[in-house]
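Colleague: Shown below is the structure under consideration.
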Amino acid sequence: MTKKEFKEIISICSSMADVKEDVFKNHDNNMWWPLEVEDYRKRLLIAGLSTRVSYNMIYSYRSVIDKLNKYSYEQIKLMEKEELIAIIKGLGLANARYKYLKSMISFIEKYKDEILAKSNDDLIKMIAENVVGASYKVAQCCVLYTRGYYCGIMPVDSGMKDIQLPCLGFEKYSNAFGHDILRKQLQELVKDNNMEDIIIQNGYDKLNIPDYNNACWWVHLVLIYYKRHYCNKHKPDECPLAKMVHTSFKCKK
């Protein structure tokens, strides 16, 4: 896929009113990864909790995050299991999430001098290989939240890997590493690909987008919310992309 072809896809996706509404809700201050959490160590903890949280769970999730954010990282680190589970149990999968938190705390303590120095790619790999419950998919989110929305990372979730991106012509990967291969491909397509004209044309110019030549966070949100509103419904006949560009109907059941 060329950068021009990819830009055409983003132009179509971002023109949808339902996609635009969700992008505006989540671009400048994301509901899953809010700016109110300032300590990068707490961001590493919280990013892993955001997995398996649907849009319908967002207010329950934010309630948990707000409670957790009342404590310092040092306080969280010293919490007993029962106290920590009492805070996060509203998200479900409490034991699995607890294991993630404890493993991430151990990771932070062991690599605290390296976390801020490593490249994005290296830190993602380190987290995926060393933190319980942090696959490449989760590790991408951890590093993005830690380093800021426009740090250059474009996380790829399972729906993107298995349905959306293969439908658009990307290779389909059956293993977890596919999340990272596709992430790097998306980042390359966005880098030095000026999106200013479609950002203005489709009414996104009031958002805080620092560099139209690398609008990675905006493009990520456009793809995520297009997937939510169209790919997840498994109705290719209603897909705006299918009517305008070549797709392979991977969403069809």
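Numbered per my numbering, the sequence shown spans residues 161 to 413. The beta-carbon is built from N, C-alpha and C at its ideal position, and this holds for glycine as well.
When the Cα atoms are used, what is the spatial distance from N353 to Q361?
Modeller: By one-based count along the sequence shown, residue 353 stands at place 193. By one-based count along the sequence shown, residue 361 stands at place 201. For N353 and Q361, the distance between alpha carbons rounds to 16 Å.
Colleague: Note down the Cα distance separating L367 from A375, rounded to an integer number of angstroms.
Modeller: The residue given as residue 367 occupies position 207 in the sequence shown. The residue given as residue 375 occupies position 215 in the sequence shown. The straight-line gap from Cα to Cα measures roughly 11 Å.
Colleague: I'd like the ranges of any alpha helix (DSSP H) spanning at least 4 consecutive residues and lying wholly in the segment 253 to 309.
Modeller: If we require 4 residues or more, the alpha helix (DSSP H) runs fully inside the segment 253 to 309 come out as 254 to 271, 280 to 290, 296 to 307.
Colleague: With distance defined between alpha-carbon atoms, name the residue in K164, W192, F184 nearest to Y304.
Modeller: Within the sequence shown, the letter at position 144 stands for residue 304. For the sequence presented, residue 304 should be read as Leu rather than Tyr. Per the Cα distances, W192.
Colleague: Applying the 10 Å Cβ sphere with the 16-neighbour rule, what's the burial state of S232?
Modeller: Within the sequence shown, the letter at position 72 stands for residue 232. Exposed.
Colleague: What residue from V179, K272, E240 has the CA that sits closest to E199's CA?
Modeller: Residue mapping note: residue 199 aligns to position 39 of the sequence shown, counting from 1. The sequence shown places Asp at residue 199, rather than the Glu named in the question. D199 has its Cα closest to that of K272, out of V179, K272, E240.
Colleague: Do you know offhand how far N280's Cα is from S220's?
Modeller: Counting from one through the sequence shown, the residue named residue 280 turns up at place 120. Counting from one through the sequence shown, the residue named residue 220 turns up at place 60. Between N280 and S220, the C-alpha separation is close to 30 Å.
Colleague: Check K387 in the structure and name its three-state DSSP category.
Modeller: Counting from one through the sequence shown, the residue named residue 387 turns up at place 227. Helix at K387.
Colleague: Grab me the residues of E331's own chain with a C-beta within less than 6 Å of its C-beta, minus the 5 sequence neighbours each way, in chain order.
Modeller: In the sequence shown, counting from the first residue as 1, residue 331 sits at position 171. Counting only Cβ-Cβ distances below 6 Å, and skipping sequence neighbours, we find nothing.
Colleague: Based on Cα-Cα distance, which residue from H394, K403, Q345, K164 lies nearest to H380?
Modeller: Indexing the sequence shown from 1 puts residue 380 at position 220. Measuring from the Cα of H380, the nearest candidate turns out to be Q345.
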